[in-house]
Each structure stands twice: as structure tokens, then as C-alpha cells.
Amino acid sequence: ELFHEHGQHISDWIWQRRLETAAKRLADPGCRHLSLGTLAYGCGFASQAHFSRRFKDKYGMAPSEFRHLADRAIAKP
């Protein structure tokens with residue numbers, strides 16, 4: 004009921020939290036060793052393909068591209 008008052012379903016809220024967690028891990032140098040599949044499963048996605056589709060829908064780029072841009076941002080002096 005709380006979510007419906009804000010025009011949101013609980014499943015949507017859960018997907019958003021999973022995607023936000025994945026984005027943080029993709030940008031975290033300490034998680035660089037994790038494959039995209041491992042990261043996806045660790046965030047609650049059943050497959051890497053599903054994760055990639057959802058991630059691209061939210062962030063406008065593939066998870067690998069997001070990770071690459073985060074790596075470049077960290078490497079800048």
C-alpha cells in the first residue's frame with residue numbers, strides 16, 4: 004500500500020535498488036575483478052542478458068560501457 008500511494012509497485016522499487024547497487028559495484032575499483040555475469044547474479048538478476056537490458060534501459064548504456072567510463076573517471080588525475 005505504501006508504494007501504491009506513491010504510484011509505484013514494490014517490484015519496480017526492488018528493480019531500481021538492484022540496478023543502483025549494480026551501478027555502484029560497476030564503478031567500484033574493488034569490484035573490478037567481478038565479471039558482469041557474477042555482478043548481475045550478485046545483484047539478484049537471473050541472467051546477464053536480463054541485467055544488461057534493464058541496465059541499458061535505466062542508464063542509457065551497456066554495463067560494460069558504464070564500467071569503462073567509471074574506470075576512466077577514476078584514472079584521471
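Each position in the sequence shown, counted from 1, maps to that position plus 3 in this note's numbering.
Think of the CB as a built atom: it goes at the ideal place given N, C-alpha and C, for glycine as much as any other residue.
The three-state reading of DSSP puts residue 46 in coil, since its state is none of H, G, I, E or B. In the structure shown, residue 74 adopts helical secondary structure according to DSSP, grouped into three states. DSSP places residue 30 inside the alpha helix (DSSP H), whose first and last residues are 13-30. Shown here for residue 64: not one same chain residue has a beta carbon closer than 7 Å to its own, the five before and five after excluded.
For the pair residue 11 and residue 34, the Cα-to-Cα distance works out to about 31 Å.
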